[in-house]
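Q:
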Amino acid sequence: KRHQMLGLLPVVTSYAERKRHLGYRRVVPLDGAFFARMMTAHEFHYSSVVSEGEGKRLFQVQDALGTDLGMAGLRREQVAGSYMHLIDLAGASV
1 KRHQMLGLLP VVTSYAERKR HLGYRRVVPL DGAFFARMMT AHEFHYSSVV SEGEGKRLFQ
61 VQDALGTDLG MAGLRREQVA GSYMHLIDLA GASV
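Be aware that the sequence shown starts at 1, since it is given in my numbering, and climbs by one per residue.
#1: Only counting runs of 3 or more residues, tell me where the beta strand (DSSP E) segments fall wholly within the region 21-70, in order along the chain.
#2: Quick one: is S51 buried, meaning 16 or more other Cβ sit within 10 Å of its Cβ, or exposed?
#3: So, is V49 buried or exposed, given that buried needs 16 or more other C-beta atoms within 10 angstroms?
#4: Give me the Cα-Cα distance between G32 and G81, rounded to the nearest whole angstrom.
#5: Taking the beta carbon of L9 as the centre, do at least 16 other beta carbons fall within 10 Å, making it buried, or is it exposed?
#6: So, using beta-carbon positions, are R26 and K56 closer together than 8 Å?
Shown next as structure tokens:
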């Protein structure tokens with residue numbers, strides 16, 4: 001079953017093969033991202049990206065152990081989106 005969304009980002013997702021993506025991530029911004037330093041993020045979802053159209057990637061991602069997970073997020077014009085929930089730890093004592 002397909003649902004037409006707003007079309008702000010050229011991304012198709014699917015729940016067909018439910019795979020859980022869960023964990024803390026380190027995200028490093030790529031050129032043009034809306035933040036300039038590495039940040040912590042949390043990822044939790046059951047859907048997967050099936051296809052992506054034109055757009056610029058937002059960040060390089062690592063898991064909590066430092067394993068490279070590739071690039072994530074997409075930006076097109078003034079719209080950005082990803083599965084990552086950014087956590088701003090600036091000034092926090094961790």
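Here a beta-carbon is modelled for each residue, glycine too, at the ideal position from N, C-alpha and C.
Computed from a prediction, not measured in an experiment: that's the story for all the values here.
A: Per the coordinate set shown:
#1: 21-29, 39-45, 48-52, 56-63
#2: exposed
#3: exposed
#4: 13 Å
#5: buried
#6: no
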